[in-house]
Amino acid sequence: HPTASPDVLCWLWRARHTDTKTAATLIALPGLDTGRVLFGLLELMDATGRMTALSDDKRLRKVIDQAQETLSLQDGEPIRRYIAKIDKPDAHALKDRIEASGGLRPSTRTSLLTFLRGAHPEIFVEGARPWEEDVYYTTESGLNRRQGELDHLVQDALPAVAKQIGEAASHGDLSENAEYTAALEKRDQITSTATRIESELAKAKMIDPEMARTDFVNIGTRVLVRDLVSEREENLTFLGVWDSAPESGVLSYNAPLALAFMGNRVGDQVEYGKEGERRRWEIVAIEPAI
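Residue numbers (the numbering used here): 52 to 341.
Shown next as structure tokens:
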């Protein structure tokens with residue numbers, strides 16, 4: 052059990068994440084992978100945290116402080132690397148372990164969950180997701196815009212290409228008629244696009260006010276965020292799949308950045324982006340956008 056040898060557990064984590072021969076040896080050992088040691092540290096902090104609630108033994112506090120410092124090694128970069136490689140089930144398990152660990156400082160818990168959210172936003176959305184998977188949520192204006200695209204294809208583009216096909220066919224031998232072949236391909240592309248849009252529109256649902264609840268970020272909400280580096284504030288609005296206007300801060304609810312925010316509440320921190328381009332925001336306010 053992790054509480055049996057907390058010093059050894061902390062040493063294992065620090066030693067395997069330093070550029071030494073010892074690290075290479077530890078990494079090669081079976082049964083001592085990064086995930087197992089990390090979960091051991093979190094379990095250690097949970098068990099020790101529970102014991103501190105029953106005792107004011109300073110040794111317990113020392114164990115927690117030591118484990119906290121261990122997790123903060125290299126500003127958490129070893130944890131980031133581990134999180135980036137794990138699959139969805141392991142990400143779920145880690146999220147549950149972090150949230151249940153009673154010994155973690157609130158700031159450490161927030162940082163770890165922020166790392167996890169940046170790599171696996173979908174596991175945070177699932178619990179708060181009010182929408183059906185096989186549905187295209189939209190505003191009325193977004194729906195009208197998409198319907199307009201379909202109308203253009205059916206009423207304008209298809210008749211125009213049909214005319215091109217007829218004109219090309221009148222030029223003689225169709226087997227070597229590049230103009231005719233190109234027109235047929237264009238018709239097929241237009242037909243395929245129109246069929247896809249028709250299928251999407253058949254599954255469309257309007258975003259209703261109930262979905263735009265403001266106790267957490269959701270479809271239909273507008274969020275005031277503050278960049279934690281520049282301190283600049285901006286609004287992000289999360290609407291339907293055909294409402295996207297990134298230049299105006301309007302994102303589709305299923306865009307990667309939107310998914311990173313979904314389910315978060317005022318005061319939560321959100322991290323998004325690849326290494327070297329990562330950004331962090333704090334949610335300042337949430338309001339309905341519809």
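Every residue gets a Cβ at the ideal spot worked out from N, C-alpha and C, and that includes glycine. As the structure is a prediction and not an experimental result, all values here were calculated from the model.
Distance between residue 214 and residue 290 (C-alpha atoms, nearest Å)
Counted from its first residue, the sequence shown places residue 290 at position 239. Counted from its first residue, the sequence shown places residue 214 at position 163. Going by the C-alpha atoms only, they are around 39 Å apart.
Got a sec, what are the start and stop residues for the beta strand (DSSP E) residue 278 sits in?
By 1-based counting over the sequence shown, the position of residue 278 is 227. It spans 272-278 - the beta strand (DSSP E) in which residue 278 sits, taken as one unbroken run.
Using DSSP bridges, identify the partner residues of residue 313.
On the sequence shown, residue 313 is found 262 positions in, with the first residue counted as 1. In DSSP, residue 313 forms no bridge with anything.
Report the residue from 314, 127, 338 whose alpha carbon sits nearest the alpha carbon of residue 172.
In the sequence shown, counting from the first residue as 1, residue 172 sits at position 121. Comparing Cα-Cα distances from residue 172 to each of 314, 127, 338, the minimum goes to 314.
Hey, quick one: how far does the beta strand (DSSP E) through residue 233 stretch, first residue to last?
Within the sequence shown, the letter at position 182 stands for residue 233. Annotation: residue 233 is outside any beta strand (DSSP E); the continuous alpha helix (DSSP H) that includes it extends over 229-253.
Going straight from the alpha carbon of residue 266 to that of residue 316, what length do you get?
By 1-based counting over the sequence shown, the position of residue 266 is 215. By 1-based counting over the sequence shown, the position of residue 316 is 265. Computed Cα separation, rounded: 6 Å.
Could you tell me whether the region 138-157 touches the region 86-100, using the rule of 3 or more Cβ pairs below 8 Å?
yes
Cβ neighbour criterion (16 or more within 10 Å) applied to residue 339:
Within the sequence shown, the letter at position 288 stands for residue 339. Classification of residue 339: exposed, given that the 10 Å Cβ count is below 16.
Is it true that the region 293-312 meets the region 236-243, where meeting means three or more beta-carbon pairs spaced less than 8 Å apart?
With the cut-off at 8 Å, the region 293-312 and the region 236-243 do not touch.
Classify residue 295 as helix, strand or coil using the three-state DSSP reduction.
For the purposes of this step, residue 295 is identified with residue 244 of the sequence shown, where counting begins at 1. Correct three-state label for residue 295: coil.
Closest to residue 175 by C-alpha separation, out of 259, 311, 337, would be which residue?
Here residue 175 refers to the residue found at position 124 of the sequence shown. Nearest C-alpha to residue 175: 311.
Please work out which residues of its chain come closer than 8 Å, Cβ to Cβ, to residue 258, disregarding the five sequence neighbours upstream and downstream, and give them in chain order.
To locate residue 258, count along the sequence shown from 1; it is residue 207. Cβ within range, chain order: 188, 189, 190, 270, 271, 290, 291, 341.
Check for me: the alpha helix (DSSP H) holding residue 302 runs from which residue to which?
The residue you call residue 302 lines up with position 251 of the sequence shown. No alpha helix (DSSP H) contains residue 302, which is instead part of the beta strand (DSSP E) from 301-303.
As a quick exercise: from 140, 134, 158, pick the residue whose alpha carbon is nearest that of residue 120.
Locating residue 120 in the sequence shown gives position 69, counting from the first residue. Residue nearest to residue 120 within the set 140, 134, 158 is 158 (criterion: CA-CA distance).
Simplified DSSP state of residue 329, which is helix, strand or coil
Residue mapping note: residue 329 aligns to position 278 of the sequence shown, counting from 1. Coil.
In DSSP terms, what residue 321 is bridged to:
Residue numbering aside, residue 321 sits at position 270 when the sequence shown is read from its first letter. Paired residues: 332.
Exposed or buried, which one is residue 178 when buried takes at least 16 other CB atoms within 10 Å?
Against the sequence shown, residue 178 aligns to sequence position 127. Because residue 178 sits at a pLDDT of 49, beneath the cut-off of 50, its placement in the model cannot be relied upon, and the following sentence gives the value as read from the coordinates. Residue 178 comes out exposed.
Between residue 169 and residue 322, how many whole angstroms is the CB-CB distance? I'm expecting something under 8 Å.
By 1-based counting over the sequence shown, the position of residue 169 is 118. By 1-based counting over the sequence shown, the position of residue 322 is 271. At roughly 4 Å, the Cβ-Cβ gap stays under 8 Å, so residue 169 and residue 322 are in contact.
Starting from residue 287, trace the beta strand (DSSP E) both ways and give me its first and last residue.
Against the sequence shown, residue 287 aligns to sequence position 236. 284-290 is the span of the beta strand (DSSP E), which, as asked, contains residue 287.
If I measure Cβ to Cβ from residue 165 and keep anything under 8 Å in the same chain, skipping five residues before and after, which residues do I get?
For this step, residue 165 is matched to residue 114 along the sequence shown. Excluding residues within five positions, the ones whose Cβ falls inside 8 Å are 320, 321, 322, 331.
When we look at the beta-carbon of residue 297 and count the other beta-carbons within 10 Å, is it buried (16 or more) or exposed?
Counting from 1 along the sequence shown, the entry for residue 297 is found at position 246. Result: exposed.
Contacts around residue 278, its chain only, beta-carbon distance under 7 Å, and the 5 residues preceding and following it disregarded
In the sequence shown, counting from the first residue as 1, residue 278 sits at position 227. Excluding positions up to five away in sequence, the list reads 330, 332.
Should residue 204 be counted as a contact of the ligand ADP given a C-beta to heavy atom distance under 7 Å?
You won't find the ligand ADP in this model; it holds no ligand whatsoever.
Is it right to say residue 199 is buried, meaning 16 or more other beta carbons lie within 10 angstroms of its own, or is it exposed?
Residue 199 sits at position 148 when you count from the first residue of the sequence shown. That one is exposed.
Which residue comes first and which comes last in the beta strand (DSSP E) that contains residue 99?
Here residue 99 refers to the residue found at position 48 of the sequence shown. Premise fails: residue 99 lies in the alpha helix (DSSP H), 85-103, not in any beta strand (DSSP E).
Determine the direct distance from the alpha carbon of residue 334 to that of residue 318, and round the result to whole angstroms.
As a first step, residue 318 must be located in the sequence shown, where it is residue number 267. As a first step, residue 334 must be located in the sequence shown, where it is residue number 283. Between residue 318 and residue 334, the C-alpha separation is close to 5 Å.
Residue 339 by DSSP, collapsed to three states: which one?
For the purposes of this step, residue 339 is taken as the residue at position 288 of the sequence shown. Residue state, collapsed to three classes: strand.
Quick check on residue 190: does DSSP put it in helix, strand or coil?
Working through the sequence shown from its first residue, we reach residue 190 at position 139. Residue 190 falls in the coil class under three-state DSSP.
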